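In the numbering used here, the protein residues as written are 283 to 616.
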């Protein structure tokens, strides 16, 4: 593990994206998403993914030049064909459109198909909530999670993020419906670190602590049957609204050669928000349980981590840092 100055890390990653032939504005959006994940302590959604992104562009399964085709169906439902574009570029364009529409209608929905991995959903939720809107963000992935009681994967990790404006900022939660994301499994595999036994099954359907074996198996749903129910509901909702692939038919979020066919949904609401700060402050003021220093609100740990890493540097896996420098065509002295 290497600790890299935040500005240096951002500069090297920016060079790597430019060398991949991505237009400047689109490269900036992809960079900001990956960099924010690293700052928040989520390396599974950070620069670990940049190598695969550049390979997918080189292989022609990602078009870095497009923003997606928009078709309004009725007045508040936006259907988006992502045209194989970069995930955050397509998602940001869709969010801009539905946020403007929600100002008129009170609520608007964007459903996206044929786009690529949109990364950390909280990145979108926090920004939209900061503009005064409530947002629910959903996404699907390749089949990586096993239904509760089954031995093989049939569901995506199917994350959800919710952002809500408050009097002094915004509330944001972001979680997958698997115990972890597959990116977290890959991160452990990169670092050759065992995973907890309750995280995943191997290809034979048996619990494993081997991250490499877990990559070929299935992630467990969080909360057992309850997480399975939520993950299945999100899979059905996103697939039906977006017209995206479902279950084991989903491709293109983990490899370098398949066109991505998963789905994303954003629900944006322009409405009143009452007494939220006072309630959140009540929760923060609760006496902590044994083993806890204080009671946190979802998203707060990531914000603290962000401040620390901007100040002290970003820990990054040695292999990822070396690969970033190769992609950028540069070599940083140790």
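Every residue gets a Cβ at the ideal spot worked out from N, C-alpha and C, and that includes glycine.
Since the structure is predicted, the reported quantities are computational estimates derived from the model, not experimental observations.
Whole-Å CB distance - residue i paired with residue j, under 8 Å assumed
i, j, result
"residue 339", "residue 303", "7 Å"
"residue 322", "residue 588", "6 Å"
"residue 485", "residue 467", "About 13 Å; that fails the 8 Å criterion."
"residue 288", "residue 591", "6 Å"
Whether residue i touches residue j by CB criterion (7 Å)
i, j, result
"residue 291", "residue 577", "no"
"residue 442", "residue 420", "yes"
"residue 318", "residue 405", "yes"
"residue 375", "residue 550", "no"
"residue 524", "residue 395", "yes"
"residue 325", "residue 469", "yes"
"residue 423", "residue 544", "yes"
"residue 411", "residue 388", "no"
"residue 286", "residue 541", "no"
"residue 491", "residue 477", "yes"
"residue 380", "residue 349", "no"
"residue 398", "residue 475", "no"
"residue 408", "residue 454", "yes"
"residue 600", "residue 336", "no"
"residue 298", "residue 609", "yes"
"residue 553", "residue 301", "no"
"residue 330", "residue 586", "no"
"residue 363", "residue 351", "yes"
Proximal residues to residue i (C-beta, below 6 Å), its chain only, five neighbours per side dropped
i, result
"residue 429", "436, 510"
"residue 508", "none"
"residue 390", "358, 380, 383, 384, 550"
"residue 533", "540, 543"
"residue 307", "none"
CA nearest to the CA of residue i, picked from the options
i, options, result
"residue 512", "387, 459, 593", "459"
"residue 462", "440, 453, 449", "440"
"residue 465", "609, 294, 447, 501", "501"
"residue 447", "382, 415, 566", "415"
"residue 386", "364, 373, 357, 408", "357"
"residue 312", "556, 294, 332, 602", "332"
"residue 582", "480, 573, 452, 602", "452"
"residue 535", "401, 307, 505", "401"
"residue 417", "569, 555, 602, 603", "555"
"residue 519", "547, 364, 503, 506", "547"
"residue 505", "467, 431, 359, 517", "431"
"residue 516", "382, 438, 573", "438"
"residue 403", "307, 315, 572", "315"
"residue 327", "563, 369, 562", "369"
Cβ shell of residue i (< 8 Å), same chain only, five flanking positions each side left out
i, result
"residue 521", "422, 527, 528, 545"
"residue 494", "471"
"residue 341", "538, 539"
"residue 562", "448, 453, 579"
"residue 489", "479, 480, 482, 483"
"residue 305", "346, 347"
"residue 568", "577"
Beta-carbon proximity list for residue i, same chain, < 7 Å, skipping 5 on both sides
i, result
"residue 613", "607"
"residue 565", "577, 579"
"residue 334", "538"
"residue 230", "With the chain represented from 283 up to 616, any question about residue 230 goes unanswered, as that position is not in the structure."
"residue 434", "428, 487, 500"
"residue 450", "559"
"residue 295", "313, 316, 317, 329, 332, 606"
"residue 570", "576, 577"
"residue 365", "345, 348, 350, 351, 396"
What are the uninterrupted segments assigned as beta strand (DSSP E) that are 3 or more residues long and contained completely in the stretch 508-565, given in chain order?
-> 545-551
Contained beta strand (DSSP E) runs [length at least 3] in the stretch 426-510, N- to C-terminal order = 442-448, 451-457
List in chain order: all unbroken beta strand (DSSP E) runs of 3+ residues lying wholly within the stretch 301-389.
-> 351-355, 359-363
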